[in-house]
Amino acid sequence: MATSPFPVTLIAPRRTVANFVELFVKEAKYEMLKNIRIPIYAISTIVFPLMFYVLFAIVLSAGNGINRGQSATYQLATMGCFGVMGASLFGFGVSLAMERGQGWLQVKRASPMPIAAYFTAKMVNALTFSVVIVMLLLAIGYGFGEVRLSFPAAAKLVGILVLGSLPFSSLGLAIGYIAKPNSAPALVNLIYLPISFCSGLWIPIFMLPHFLQRAAQVLPPYHISQLALNVVGMSRNPTPAWGHVEPLIGVTLLCLGIAAYGYWRDEGQLYG
Amino acid sequence: MSTASAERPHHWAAQPASVARTRGLTKTYESVTALRKVDFELHRGELLALLGPNGAGKTTLLRMLLGLARPDSGSVAVFGTDPRNEAIRYRVGAMLQVARVPETLKVREHIDLFSSYYPNPLPMAETLHIAGLDEVKDRRFGELSGGQRQRVLFGIAICGNPDLLFLDEPTVGLDVEARRLLWSQIRSLIARGKTVLLTTHYLNEADALADRILVLQQGNIVAEGTPAEIKSRAIGKQVRCSSRLSIDEIRRIPGVLSVTADRQSFAMQVQAAEPVVRELLQRDSWLAELEVTSAGLEEAFLALTQNHNPTAIGSN
Numbered sequence: 150m151a152t153s154p155f156p157v158t159l160i161a162p163r164r165t166v167a168n169f170v171e172l173f174v175k176e177a178k179y180e181m182l183k184n185i186r187i188p189i190y191a192i193s194t195i196v197f198p199l200m201f202y203v204l205f206a207i208v209l210s211a212g213n214g215i216n217r218g219q220s221a222t223y224q225l226a227t228m229g230c231f232g233v234m235g236a237s238l239f240g241f242g243v244s245l246a247m248e249r250g251q252g253w254l255q256v257k258r259a260s261p262m263p264i265a266a267y268f269t270a271k272m273v274n275a276l277t278f279s280v281v282i283v284m285l286l287l288a289i290g291y292g293f294g295e296v297r298l299s300f301p302a303a304a305k306l307v308g309i310l311v312l313g314s315l316p317f318s319s320l321g322l323a324i325g326y327i328a329k330p331n332s333a334p335a336l337v338n339l340i341y342l343p344i345s346f347c348s349g350l351w352i353p354i355f356m357l358p359h360f361l362q363r364a365a366q367v368l369p370p371y372h373i374s375q376l377a378l379n380v381v382g383m384s385r386n387p388t389p390a391w392g393h394v395e396p397l398i399g400v401t402l403l404c405l406g407i408a409a410y411g412y413w414r415d416e417g418q419l420y421g
Numbered sequence: 016m017s018t019a020s021a022e023r024p025h026h027w028a029a030q031p032a033s034v035a036r037t038r039g040l041t042k043t044y045e046s047v048t049a050l051r052k053v054d055f056e057l058h059r060g061e062l063l064a065l066l067g068p069n070g071a072g073k074t075t076l077l078r079m080l081l082g083l084a085r086p087d088s089g090s091v092a093v094f095g096t097d098p099r100n101e102a103i104r105y106r107v108g109a110m111l112q113v114a115r116v117p118e119t120l121k122v123r124e125h126i127d128l129f130s131s132y133y134p135n136p137l138p139m140a141e142t143l144h145i146a147g148l149d150e151v152k153d154r155r156f157g158e159l160s161g162g163q164r165q166r167v168l169f170g171i172a173i174c175g176n177p178d179l180l181f182l183d184e185p186t187v188g189l190d191v192e193a194r195r196l197l198w199s200q201i202r203s204l205i206a207r208g209k210t211v212l213l214t215t216h217y218l219n220e221a222d223a224l225a226d227r228i229l230v231l232q233q234g235n236i237v238a239e240g241t242p243a244e245i246k247s248r249a250i251g252k253q254v255r256c257s258s259r260l261s262i263d264e265i266r267r268i269p270g271v272l273s274v275t276a277d278r279q280s281f282a283m284q285v286q287a288a289e290p291v292v293r294e295l296l297q298r299d300s301w302l303a304e305l306e307v308t309s310a311g312l313e314e315a316f317l318a319l320t321q322n323h324n325p326t327a328i329g330s331n
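Heads up: the sequence lines are chains H and X, in that order. Per this note's numbering, residue 150 is the first one in the first sequence, and the count goes up by one each step. Per this note's numbering, residue 16 is the first one in the second sequence, and the count goes up by one each step.
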């Protein structure tokens, strides 16, 4: 931008630290309120994983010789991963694609909102929904699924799954910068549902055909669910934890790169 | 980027009368030139209307003044510096055209959030009052009428108590009553000492609100002046009639500047009425419903943009 040749007398108003904190808190609070009031968001992100868990881990395992406690513990890890992925992909991908494409982000960019507040709010939203989903799954597991995890193991499981929302959020961010507002929900479902299946979130990975087990190596939810299974002592996979963390870091960086390109492109040009 | 000299003593007299200025501003989107070397100035305390048809470059100019789009060449300054400067954004409010606003948040929640972006916002009650949102403050955005939705966007623009407001087509799509309500709210901003730039393609809106009008056509400023001056530049008359002639035959009559047709009814913008009427009567003995009026702002606008672009003779 060219230097201004005009005389300036500008007494800049200052934002206090308290203003700044309040702003971030409000941004996050309204982001969550906005989402929880959208029925399709609440259903897709919270109701579906809980429903699947009740169906697969509680109802279907009843009285057919499967050790119910083991099955329910295994699926706590995999369905938890499914729930966290949904919260992150919908919370980041769909909402960003819509707000970018429909001009709302531009209204915010015209205001003095720090862009960090916008992304932080979406992150807080994804993390909060993730925690809620995993806690509800745990409650169901303990209450009806004969899950007998120790407190430290349960805490580690929650920690791993909630951290797992970081790679999913970066994937959502990338989708948010690629997808058009109307196609974003379909695109997210098109990614979310098949990769959940292929990563062994619905049917245990060792029961999938061999070629799918190999293909799962490139899918982030496979690695997160394996880390989660490790924590509850149910991984059949000899790969050390670091072997799962590395590809996750790779995917996260790749997605952040795509998002950064999208952000840069938006800043340089207008949307449409 | 220039640095805001906050150290300098604060004198009103030292404040530049110009709050926003562009020099040689040019912007091209793909092959379309949205703005062509635009020199433009917005004075403190005025309400300036940017008037022009769709695609004239109004929104592009406004977005560059908001620091949302980068000029290809030329400079933009708001309060003497780069509009992307955060301290400038504190003093600016904007009402933009937006396809969709989050519908599940309530009116007061939207206002509360945007107020928190500014260091010295208006109290919530005052924003709601000025924007006429008292009665709907607890409704979700999705439950509002078109006029109420525009007023929420207006509330978002004013809630930070900014000195300068940019309103992009604020009354587009509103009915007459909702439009008049928003007009009175915009006028009250000027009474409070704000500076307002609004874009519109409603000519009566510019006439009703603005101190000064800038007519934009295909990325160029083609006219500038008070509403009265703009009107006085239209020396012509308007002739309406119902005729069996074709629109092309009418267009070829000497002195006809432009013509629009609705089936057999024609409306012509002419330099002088008499020779055109004489010609019309001579060519069409069935001519009926002849009416001659002086040009209003609408026609003045047409004539102004017409001279610049003789190929754009409208017919619908």
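Ideal Cβ positions, reconstructed from N, Cα and C, are used throughout, including at glycine. Please read these numbers as outputs of a predicted model, since none were measured by experiment.
- Residue contact with chain X for residue 289(H): absent (no Cβ-Cβ distance below 9 Å to any residue of chain X).
- Residue 261(H) reaches chain X at 101, 104, 105, 132, 133, 175, counting residues in chain order whose Cβ is nearer than 8 Å.
- The region 36–69 of chain X is shown to contain whole beta strand (DSSP E) runs of 3 or more residues at 47–58, 62–66, in chain order.
- C-alpha of residue 71(X) to C-alpha of residue 276(H): approximately 45 Å in a straight line.
- Among the residues of the region 240–260 of chain H, those with a Cβ less than 9 Å away from any Cβ of chain X are 244, 247, 248, 250, 251, 252, 253, 255, 256, 257, 258, 259, 260, in the order of the chain.
- In the DSSP assignment, residue 284(X) falls within the unbroken beta strand (DSSP E) covering 280–285.
- Check the Cα spacing between residue 181(X) and each of 52(X), 242(X), 79(X), 147(X): the tightest is with 79(X).
- Approximately 6 Å separates the beta-carbon atoms of residue 350(H) and residue 370(H); this is inside 8 Å, confirming the contact.
- Boundaries for residue 175(H): no beta strand (DSSP E) harbours it, while the alpha helix (DSSP H) harbouring it runs 166–185, taken from the DSSP string.
- Between residue 282(H) and chain X, the shortest Cβ-Cβ separation is not below 9 Å.
- Judged by beta-carbon spacing, residue 324(H) lies within the 9 Å limit of residue 333(H), meaning their Cβ atoms are closer than that value.
- With fewer than 16 other Cβ atoms from the protein chains shown falling within 10 Å of its own Cβ, residue 359(H) counts as exposed.
- Identification of chain X residues near residue 179(H) by a Cβ-Cβ cut-off of 7 Å yields 120, 124, 128, ordered along the chain.
- If you draw a straight line from the Cα of residue 235(X) to the Cα of residue 56(X), it comes to about 14 Å.
- At least 9 Å separates the beta-carbon of residue 91(X) from that of residue 142(X).
- For residue 208(H), the closest C-alpha among the options 198(H), 221(H), 197(H), 196(H) is that of 221(H).
- The beta-carbon of residue 236(X) is placed no less than 9 Å from the nearest beta-carbon of chain H.
- Residue range 252–257 is occupied by the beta strand (DSSP E) that includes residue 256(X).
- At a beta-carbon threshold of 7 Å, the residues of chain H lying near residue 117(X) are 183, 253, ordered along the chain.
- For residue 200(X), not one C-beta of chain H is nearer than 9 Å to its own C-beta.
- Distance from residue 295(X) to residue 261(X) at the Cβ level is roughly 13 Å; contact not present, criterion being Cβ atoms closer than 8 Å.
- Taking C-beta atoms as the reference points, residue 183(X) and residue 52(X) fail to come closer than 9 Å.
- Within chain X, no C-beta atom comes nearer than 8 Å to that of residue 192(H); the closest sits roughly 14 Å away.
- DSSP places residue 306(X) in the strand class (E or B) of the three-state scheme.
- In the three-state DSSP reduction, residue 218(H) falls in the helix class (H, G or I).
- Around the beta-carbon of residue 196(H), fewer than 16 other beta-carbon atoms lie within 10 Å, marking it exposed.
- Under the three-state reduction of DSSP output, residue 225(H) falls in the helix class.
- Around residue 194(X), the same chain offers 186 as residues with beta carbons nearer than 7 Å, after the five sequence neighbours per side are excluded.
- Residues of the region 287–301 of chain X with a C-beta less than 9 Å from any C-beta of chain H: none at all.
- Under the three-state reduction of DSSP, residue 94(X) is assigned to coil, being neither helix nor strand.
- Taking a C-beta distance under 9 Å as the contact criterion, residue 285(X) and residue 233(X) do not qualify as a contact pair.
- 330: these are the residues of the region 303–330 of chain H whose beta carbon lies less than 9 Å from some beta carbon of chain X, given in chain order.
- A check of alpha carbon separations from residue 304(X) across 49(X), 137(X), 131(X), 282(X) identifies 282(X) as the nearest.
- At least one CB atom of chain H sits nearer than 9 Å to the CB of residue 155(X).
- If you draw a straight line from the Cα of residue 93(X) to the Cα of residue 34(X), it comes to about 6 Å.
- The bridge partners DSSP lists for residue 232(X) are 235(X).
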